[in-house]
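Student: Handing you a structure now.
Numbering (full-length UniProt numbering), first residue to last: 1 to 123.
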């Protein structure tokens, strides 16, 4: 170490930045950078109509209701895999089958009432 310079031999003397004197100021400016953002389509959840399908299976026409449950389950699977178009189509199929099941149940109840009334009145 060289006692005159205060540094190790072979290294240049360190220099320090000069602080601004009182009364002087630097020009400060704010830079705002915005990053480009990719547009993400908003896809809402697709209703799978599983509750309606189970209701129609238990309370209305169970053979058609079973197919409605199958379509609702396939709709859930398609939604979980990210295939929103297929999930929407299968959801509509499940709803349609459930409504057919309700209609079939109503028609069968009307037929049973007519048959019972005719049997009671004919005796």
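Backbone N, C-alpha and C fix where the C-beta goes; we use that ideal spot for every residue, glycine too.
Quick caveat, the model's predicted, so the values are computed rather than measured.
Give me, in chain order, the residues of the same chain whose beta-carbon lies closer than 7 Å to that of residue 67; leave out the 5 immediate sequence neighbours on both sides.
Tutor: As a position in the chain shown, residue 67 is number 67, starting the count at 1. Result list for residue 67: 97, in chain order.
Student: Rounded to whole angstroms, how far is the Cβ of residue 49 from the Cβ of residue 101, which I believe are closer than 8 Å?
Tutor: As a first step, residue 49 is located in the chain shown; it is residue number 49 there, counting from the start. As a first step, residue 101 is located in the chain shown; it is residue number 101 there, counting from the start. With a Cβ gap of about 11 Å, residue 49 and residue 101 do not count as contacting.
Student: Which residue's Cα is closest to the Cα of residue 72: 86, 60 and 123?
Tutor: Counted from its first residue, the chain shown places residue 72 at position 72. Checked all of 86, 60 and 123; the closest Cα to residue 72 is 86.
Student: What is the DSSP secondary structure of residue 108, counted as helix, strand or coil?
Tutor: The residue you call residue 108 lines up with position 108 of the chain shown. In this structure, residue 108 counts as helix in the three-state DSSP scheme.
Student: Buried or exposed, going by whether 16 or more other CB atoms sit within 10 Å of the CB of residue 75?
Tutor: Here residue 75 refers to the residue found at position 75 of the chain shown. Buried.
Student: What is the DSSP secondary structure of residue 34, reduced to helix, strand or coil?
Tutor: Within the chain shown, numbered from 1, the residue matching residue 34 stands at position 34. It is coil, neither helix nor strand.
Student: Give the DSSP-derived three-state secondary structure of residue 47 in the structure shown.
Tutor: Translated into the one-based positions of the chain shown, residue 47 becomes position 47. Three-state DSSP puts residue 47 in coil, outside helix and strand.
Student: Reducing DSSP to helix, strand and coil, say where residue 82 ends up.
Tutor: To locate residue 82, count along the chain shown from 1; it is residue 82. DSSP places residue 82 in coil when its eight states are reduced to three.
Student: Hey, how far is the Cα of residue 55 from the Cα of residue 106?
Tutor: Reading the chain shown from its first residue, position 55 is the one you call residue 55. Reading the chain shown from its first residue, position 106 is the one you call residue 106. Distance between the alpha carbons of residue 55 and residue 106: 14 Å.
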